[in-house]
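Enquirer: First residue of the sequence shown: 10, per my numbering; consecutive thereafter.
To start, I am sharing the structure in question, which I have written as C-alpha cells.
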Amino acid sequence: MNQLLNILKPISMLRNRLVLACLLLGLAILVHAQQILPQLGKNPMQEVVSAMTLEEKVNMLVGGGMNVPGMPLPGGTLEPTDAQKRVRGAAGTVVGVPRLGIPSLVVCDGPAGIHAFNAGQSRLYYATAWPIGTLLASSWDTTLVKKVGAAFGKEAKEYGIDILLAPGLNIHRNPLGGRNFEYYSEDPIVTGNIAAAMINGIQSNGVGVSAKHFFANNQETNRNTVNTIASERVLREIYLKGWEIMVKHSKPWTIMSSYNLVNGSYTAQNPELLTTILRNEWGYKGFVMSDWFGGRDAVAMTKAGNNLLMPGMPQQKQAILDAVKTGQLDVKVLDRNVTDILNIVLLSPTYNGYKYSDNPDLKKNALLSREAAAEGMVLLKNNNALPIAVGSSVALIGNNGYDIIAGGTGSGEVTKMYTVPLADGLFYAGFSLNPEIYTAYTKYMEEELTKHPKKSMFEEFMNPTKPIEEYALATDIVAKAAGTNDHAIISIGRNAGEGTDRKVEGNYTLNETEKALIKNVADAFHAKNKKVIVVLNIAGPIDVASWRDNVDAILLAWQPGLEGGNAITDVLSGKVNPSGKLATTFPMSYADDASSKNFPGKEFKDKPVPGMFGQKSFEAEVTYEEGVYVGYRYYTTFEVKPAYEFGYGLSYTDFTYSDLRLSSSSLTDKITASVTVTNSGKADGKEVVQLYISAPTNKLDKPATELKTFTKTGLLKPGESQTFTFTITARDLASYQTKTNSWVADAGTYNVKIGTSQTAKQSASFKLAKEIITEKMNKVLVPKSPINELVNKPTQKK
Ligand code: BGC
C-alpha cells in the first residue's frame, strides 16, 4: 500500500504543479489583455472609444431600462441593472463597459429632494424634502439656494447617486401648470440665476445634475404629444433665456430634453435646439438625456445630439444598430455622443471610487430645509396681525393645518420620513391650540386618511387621489373659539404634480366650504376684535382677490418641505422676518392671465395617441399667442392690475432706498448703477433689491418694464444700510429681432428703476446713442405659419 502511495505522490505533485502553471498563464494572459485594453481616464479618450464595440456604444447611448413592478412600461420591465440595485427605485442608469474601466452610473429624481419608488424592495431609505423650487426662487437668494444645492448634492452622493434629475427650470407660463411647483418663476432672469445657483451647489460635491425639461414644456395636458407653437423671438427671450443663463453660469453635467414638440419638432429630435443653440451658440459641453420614454425616433434623437435615450428600450437599441448597419447613421455620430457621456463619467463619484455612506446627515439637512423654507415664504398681506406672540392661543382651522403638503406629486415627490404639520410647529414653538378644534380636525383627518391608502406613483398617475374634502367646522365651535382664542389661523392647501394640470374650479378658486369657512371665522373673530390669518400651503397661484378683504394677514408658505410646520411658525412668530418676494404673479382672476386663452391649447379628439402608460391622450397643440407678455410683462404693459404683483412681498420692517447713481448718463459698453438700502423700520430684516429697465421701443414692441438683475441684502439691523453696485451691459438691454436673427439694443433713453417689486423706489435714466447689435444668432426653430401674437402697439415693426 505504502509502495503504491510512494509511486502516486510524485504524479499528484506533478499534476498540482501543472494546474498551478496553467492558472498563472491564464492570469498573465488576462493581465496582459487588461493592459492592452485602453482604460477610461488612463488612456486617451479616442482610444477608449475606438476600443468599444458597436454594441457597447449603443448600450451606452440607450439607458439600462427601468424596473418598477406593476408599472406597464413602454419598453417592458427590464431586470434592474447592478447600478440600479445600488439605489433602489432610482429612475435609471447609464450603462458602462467594465472591461474598459467604464462604470455604470445611477440617475435619480428629483427637483425638491431624492425620489425613489422603493417598489416593495427590501431597502428603504429616506431623504430630505426641500422646499419646492417656486419657494426657493421666492427667496431671490442665490447664496441660500447654492447652500441648499450643496447639501442636497451631498445627500445624493452619500446615497450612491451620480446624477440628480434636477432642477426643473421651465417658465411658469400659466398659473395652472401642474409641474410649476418644480419650476422657479415666470421670469427667465430669476429662473436662470436661481437654477445656476442650485446647480453650482449640487455639483460642488462632484455629483451631477440633469437640468430639465429642455424646453417650452409648460403644461402637463397631453404632455407627450403637445406641439408648442411660438415665435422665434418669444422662444429666445422667454423660453430659452433662463436656460442660456443657467448653462453659461453653471455648466450642468447633463440636460434633459422635454417630451413636447416645438414648432413641429420633438425637442429630443431637434438638432437646431440640441446642437445649433445648445452646443454651438451657448458652448455646452455636457450631455443631453431624453425625458423618460420621450422622443419618437431613436435615430433622429441620436443624430440631433440627444446623447442618451432614457430609461432605454430594447427597440431603440435595435433601431440604432440597424441604422448604423444600413449606413443611415454614421458611427462617428455614436462616437461623438459616447465621448460626451464619457467626459461626464470621468467626473462621477462612481468612476472616482467614492465610498458612499448610505447615511447622509438628515438632521442637519432638515434644519437647512427649515431655514430655506422660511426665507422663501411671502407675506402677502398684514394688517397689524403678524407677528403673533409665542404663548398666545390659536384657533387653527382647515384640514391643511393638520396635514401639511411638503411638496408636489409625481417624480418630484420626495421619499421623506416625516412632515411637520402646522399644528405641530405651533405647538413646538409654545403656542396653545384650541383643543376642541384640534380634536375635531385630527379625528376627521385620521378617518379620511385611512379611506385613502397611499397609492404607488403609477396608480396616482393614472387615477389621482382626490384631496380630502374640507371639514365643515361647526359655526358654534368657531364662535366659541373667537371668545377664547387670541387669533384664528386658517390654513388652505393645494397640491399638484406630474401628469395633470390644475383646474380653475375648486382648485384655482376656493371651494364652497373653504369660502364659508373664511367668512364664518372672519365674522366671528372680527366681532371680537381679533385677527384672522390665512396660510397658503400651495403649489402655484390661487384666487385671493375674492376673499382677501375678509382677513387680516396672508402668508404664502408655498410647499415648504418636510419641516414646513416649523418654518411657517418661524415666520408667524417673527423668529424669522419674511423676506420672500413673488417670482410669479397672483392675478385678480385666472381669466386675466394673457396665456389663459391658450391653455392648455387644442386637443385633436380625432387623433388619439395612447399616453405613456396607456392613459387617454391626443395629438395636441398650444400656440403662445401672448407672445413675450408672460406674467408681469403682460400685467404691467397692459395695465391689468394683479392681486399681487411680481416682485412683491411684505416685511415686518421697512426699507428706504437712496443715492441711486449711474456711472454715466450714456452707455457705450456697460454702465453701473449703485444704490443704498437702509432698514428704516424696527425689526431686523432682509430686502430683495430688484433692478428693472424700461427700454425705448423704436424698432420692437417691448414690455413696459423688465427685470434685468437682482440681489438680496444681508440681515440688516434697524438703521443699518448696504450699498450695491449693479452692472448693466448692452446685451442686458437687447431684445431679439427676428428679421435679422440678432439681439439688438435700441438707441434711445433707458429708464432704470430700482426697488422691491416694479414699484420704483429710485429711478434714473441713461441714453444709448446708437443701436448696438450685441449678438448675431442662427435662424432656427422657425414656426411653420405666422402666429397671431399679442403686441402692445399695433404699429410695431418686426
Ligand atoms: C419626468 C421627469 C423625470 C423622469 C424620471 C419623467 O416622467 O418627466 O421629470 O425625471 O420621469 O423619473
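By construction, the Cβ of each residue, glycine as well, lies at the ideal position given by its N, Cα and C atoms.
Note that the structure is predicted; figures quoted are calculated from it, not measured.
Do Gly119 and Ile180 have their CB atoms nearer than 8 Å?
Expert: No, these two residues do not count as a Cβ contact at 8 Å.
Enquirer: Using the C-alpha atoms, what's the distance from Phe622 back to Pro83?
Expert: Pro83 and Phe622: Cα-Cα distance of roughly 7 Å.
Enquirer: Only counting the same chain, and skipping five residues up and downstream in sequence, which positions put a Cβ closer than 6 Å to that of Asp579?
Expert: Only Ala383, Val585 meet the Cβ criterion.
Enquirer: On the CB-based measure, 16 or more other CB atoms within 10 Å of its CB, does Asn538 come out buried or exposed?
Expert: Exposed: under 16 other Cβ atoms inside 10 Å.
Enquirer: Under three-state DSSP, which class holds His181?
Expert: Note: His181 maps to coil in three-state DSSP.
Enquirer: Sorted by chain position, which residues of the same chain lie with C-beta nearer than 7 Å to Lys372's C-beta, five sequence neighbours on each side aside?
Expert: Answer for Lys372: no residue qualifies.
Enquirer: Give the straight-line distance between the Cα atoms of Ser194 and Ile264, rounded to the nearest whole angstrom.
Expert: Their Cα atoms are separated by approximately 19 Å.
Enquirer: From the DSSP output, which residues share a beta bridge with Gly502?
Expert: BP columns for Gly502 point to Asn546.
Enquirer: Spatial neighbours of Gly129 within its chain, please: CB distance less than 6 Å, with the 5 preceding and 5 following residues excluded, ordered by chain position.
Expert: Because the pLDDT at Gly129 is just 45, under 50, the model does not fix this residue reliably, and the value given afterwards should be weighed accordingly. Contacts found: none.
Enquirer: In this structure, how does DSSP classify Gly210 when only helix, strand and coil are distinguished?
Expert: DSSP places Gly210 in helix when its eight states are reduced to three.
Enquirer: Based on Cα-Cα distance, which residue from Arg108, Lys66, Val487, Asn707 lies nearest to Lys326?
Expert: Nearest C-alpha to Lys326: Lys66.
Enquirer: In chain order, what residues of the same chain lie with their CB nearer than 7 Å to the CB of Tyr453, ignoring the 5 residues before and after it?
Expert: For Tyr453, where only same-chain residues beyond five positions count, the Cβ hits under 7 Å are Tyr480.
Enquirer: In three-state DSSP terms, what is Asp349?
Expert: Three-state DSSP puts Asp349 in a helix.
Enquirer: Which first and last residues belong to the alpha helix (DSSP H) in which Asn529 is found?
Expert: Element bounds for Asn529: 521-536.
Enquirer: What's the gap between the Cα of Pro396 and the Cα of Thr418?
Expert: Approximately 32 Å between the Cα atoms of the pair.
Enquirer: Just jot down, in chain order, the residues whose CB lies closer than 5 Å to any heavy atom of the ligand BGC.
Expert: Result: Ala100, Asp118, Leu174, Asp300, Trp301, Ser420.
Enquirer: Quick check on Asn269: buried or exposed, where buried means 16 or more other Cβ atoms within 10 Å of its Cβ?
Expert: It counts as buried.
Enquirer: Please classify Ile406: does DSSP put it in a helix, a strand, or coil?
Expert: Looking at Ile406 - three-state DSSP - the assignment turns out to be strand.
Enquirer: Counting along the chain, where does the alpha helix (DSSP H) carrying Phe655 start and finish?
Expert: No alpha helix (DSSP H) holds Phe655; DSSP gives it neither H nor E.
Enquirer: Where does Lys221 land, buried or exposed, given buried means 16+ other C-beta within 10 angstroms?
Expert: Looking at its Cβ environment, which holds 16 or more other Cβ atoms inside 10 Å, Lys221 is buried.
Enquirer: Based on the DSSP output, what are the partners of Arg670 in its beta bridges?
Expert: For Arg670, which the question treats as bridged, DSSP gives the partners Ser683.
Enquirer: Would Ile141 be called buried (16 or more neighbouring beta carbons within 10 Å of its own) or exposed?
Expert: With 16 or more Cβ atoms within 10 Å of its Cβ, Ile141 is classed as buried.
Enquirer: Quick one: what's His496 bridged to in DSSP?
Expert: His496 pairs with Val403, Lys540.
Enquirer: Beta strand (DSSP E) containing Thr230: first to last residue?
Expert: Run containing Thr230: none; DSSP gives neither H nor E here.
Enquirer: Under three-state DSSP, which class holds Glu798?
Expert: Glu798 falls in the coil class under three-state DSSP.
Enquirer: From Asn408 to Ser213, what distance separates their C-alpha atoms?
Expert: Taking the straight line from one Cα to the other gives about 40 Å.
Enquirer: Could you check the C-alpha separation between Leu178 and Val218 for me, to the nearest Å?
Expert: Using only the alpha carbons, I get a separation of about 12 Å.
Enquirer: Use the C-beta contact count for Pro261: other C-beta atoms within 10 angstroms, 16 or more gives buried, fewer gives exposed.
Expert: The residue in question, Pro261, is buried, as its Cβ has 16 or more Cβ neighbours within 10 Å.
Enquirer: Answer yes or no: do Thr285 and Val789 have a C-beta to C-beta separation smaller than 8 Å?
Expert: Yes, the pair counts as a contact, with Cβ atoms nearer than the cut-off.
Enquirer: List the endpoints of the continuous alpha helix (DSSP H) containing Gln55.
Expert: Gln55 -> alpha helix (DSSP H) spans 54-60.
Enquirer: Using CA coordinates, which residue listed in Asp710, Ser703, Gly292, Asp663 is at the minimum distance from Thr687?
Expert: The residue with the shortest Cα to Cα distance from Thr687 is Asp663.
Enquirer: Is the beta carbon of Gln568 closer than 8 Å to that of Phe655?
Expert: It is not a contact, given that the beta carbons lie outside the stated cut-off.
Enquirer: From the DSSP secondary-structure annotation, give me the bridge partner or partners of Gln327.
Expert: According to DSSP, Gln327 bridges with nothing at all.
Enquirer: Would you call the segment 439-453 and the segment 156-164 touching, i.e. three or more CB-CB distances under 8 Å?
Expert: Output reads no: the segment 156-164 does not touch the segment 439-453.
Enquirer: For Lys770, collect the residues of the same chain with a Cβ closer than 7 Å to its Cβ; drop the 5 residues on either side in sequence, then sort them by chain order.
Expert: Tyr666, Ile763, Gly764.
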